[in-house]
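Heads up, the thing below is written out as structure tokens.
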Amino acid sequence: MRLDCPPSVCESGEKYPHRIRYRRLVSNSRSYAEFFVPESESASAARARASELGCTPIGAGAGTALTFLAAAVAAKSAVEIGTGAGVSGLALLAGMTTDGILTSIDVEAENQRAAKQAFAEAGIAAGRTRLINGRALEVLPRLTDAAYDLVFVDAAKGEYGQYITEAVRLLRPGGILVIDNALWHDKVADPTQRDTDTVAIREAGRTVRDDESLVSVMIPLGDGLLAAVKKNP
Ligand SMILES: C[S@@+](CC[C@H](N)C(=O)[O-])C[C@H]1O[C@@H](n2cnc3c(N)ncnc32)[C@H](O)[C@@H]1O
92 MRLDCPPSVC ESGEKYPHRI RYRRLVSNSR SYAEFFVPES ESASAARARA
142 SELGCTPIGA GAGTALTFLA AAVAAKSAVE IGTGAGVSGL ALLAGMTTDG
192 ILTSIDVEAE NQRAAKQAFA EAGIAAGRTR LINGRALEVL PRLTDAAYDL
242 VFVDAAKGEY GQYITEAVRL LRPGGILVID NALWHDKVAD PTQRDTDTVA
292 IREAGRTVRD DESLVSVMIP LGDGLLAAVK KNP
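Under my numbering, residues 92 to 324 are what the sequence shown spells out, in order.
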């Protein structure tokens, strides 16, 4: 994409017209990309319930990317860390194979009840979801090594580093790790932001990027989605 400006704009007398144009381009394009694929009615309903529960769901664009990634690996088995009210679960299930099973962990039973309602309203067979109520770091060690096509991380930000260790163990070669809030309200990219959650997410991002067993990409949709494929050994 060419971001510098044509001579007619540069000659306008403004000192940095290309920067203004770039900012406009980024914000318009980011917004266009975010809502490029319309969200389903069931996802919108789940989003409204999430808001009532005070539990922030993934952005619309991040949901689209999750569906895409689950479809790209023809996911039959996926783990979600942080069920919430089911917005991300619906996105994952939409991309997974029709017999695919989503294992989703959350410490809040009320959130999982809302997710269950969202899955039922979307017509998803009960056998396709396995909702486990508990703390992620207590549940994850019970799941089988190399048995999952995709792991999605969206629970306690301070625990992201430990979730990544567990996720890499759970993924089969060729499987995908996806981490939400990887840009965390624009704070991860700003080195002056040193609060606990920002530091934990920034460090988790570096861990994924520098892991030679993974191939990673930062997708600037929603609040930032970091995705990584586990290489074949
Ligand atoms: C941001 S919300 C998840 C939103 C959901 N992924 C979606 O997009 O619809 C985070 C969820 O993680 C759960 N959570 C927070 N800490 C947790 C922990 N230590 N173990 C398991 N779940 C946790 C919260 O109860 C909350 O439902």
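For glycine and all other residues, C-beta sits at the position ideal for the given N, C-alpha and C.
Check whether residue 279 and residue 293 have beta carbons under 7 angstroms apart: Taking the sequence shown and counting its residues from 1, one reaches residue 279 at position 188. Taking the sequence shown and counting its residues from 1, one reaches residue 293 at position 202. In this structure, residue 293 lies closer than 7 angstroms to residue 279 by Cβ.
Integer-rounded CB distance, given that residue 180 should sit under 8 angstroms from residue 210: Taking the sequence shown and counting its residues from 1, the one referred to as residue 210 is at position 119. Taking the sequence shown and counting its residues from 1, the one referred to as residue 180 is at position 89. With 8 angstroms as the limit, residue 210 and residue 180 qualify as a contact, their Cβ atoms being about 7 angstroms apart.
Cα-Cα separation between residue 119 and residue 149, rounded to whole angstroms: As a position in the sequence shown, residue 119 is number 28, starting the count at 1. As a position in the sequence shown, residue 149 is number 58, starting the count at 1. Distance between the alpha carbons of residue 119 and residue 149: 20 angstroms.
Environment of residue 304 [buried if 16+ CB atoms lie within 10 Å]: The sequence position of residue 304 within the sequence shown is 213, counting from 1. That one is exposed.
Nearest residue (CA-CA) to residue 229, options 205, 213, 198: Taking the sequence shown and counting its residues from 1, the one referred to as residue 229 is at position 138. Of 205, 213, 198, the residue nearest in Cα terms is 198.
Ligand 1 heavy atom lying under 6 angstroms from the CB of residue 245: On the sequence shown, residue 245 is found 154 positions in, with the first residue counted as 1. Checking every heavy atom of ligand 1 against the Cβ of residue 245, one is found closer than 6 angstroms.
Cβ neighbour criterion (16 or more within 10 Å) applied to residue 256: Locating residue 256 in the sequence shown gives position 165, counting from the first residue. Its Cβ having fewer than 16 others within 10 Å, residue 256 is exposed.
Check whether residue 240 and residue 166 have beta carbons under 7 angstroms apart: On the sequence shown, residue 240 is found 149 positions in, with the first residue counted as 1. On the sequence shown, residue 166 is found 75 positions in, with the first residue counted as 1. Yes; because the gap between Cβ atoms is below 7 angstroms, this pair is in contact.
Beta-carbon contacts of residue 261 that lie in its chain and below 8 angstroms, excluding the five residues immediately before and after: Along the sequence shown, read from residue 1 onward, the residue named residue 261 stands at position 170. Cβ neighbours of residue 261 beyond the five flanking positions: 170, 231, 234, 235, 236, 237, 238, 239, 242.
Spatially closest choice to residue 258 from 201, 298, 213, 156, by CA coordinates: Sequence index remark: in the sequence shown, residue 258 carries index 167 (1-based). Taking only the C-alpha atoms, the option nearest residue 258 is 298.
Extent of the continuous alpha helix (DSSP H) run through residue 197: For the purposes of this step, residue 197 is taken as the residue at position 106 of the sequence shown. It is not in any alpha helix (DSSP H) - residue 197 instead sits in the beta strand (DSSP E) that spans 192 to 197.
Per DSSP, cross-strand counterpart(s) of residue 243: Reading the sequence shown from its first residue, position 152 is the one you call residue 243. DSSP lists 171, 269 as partners of residue 243.
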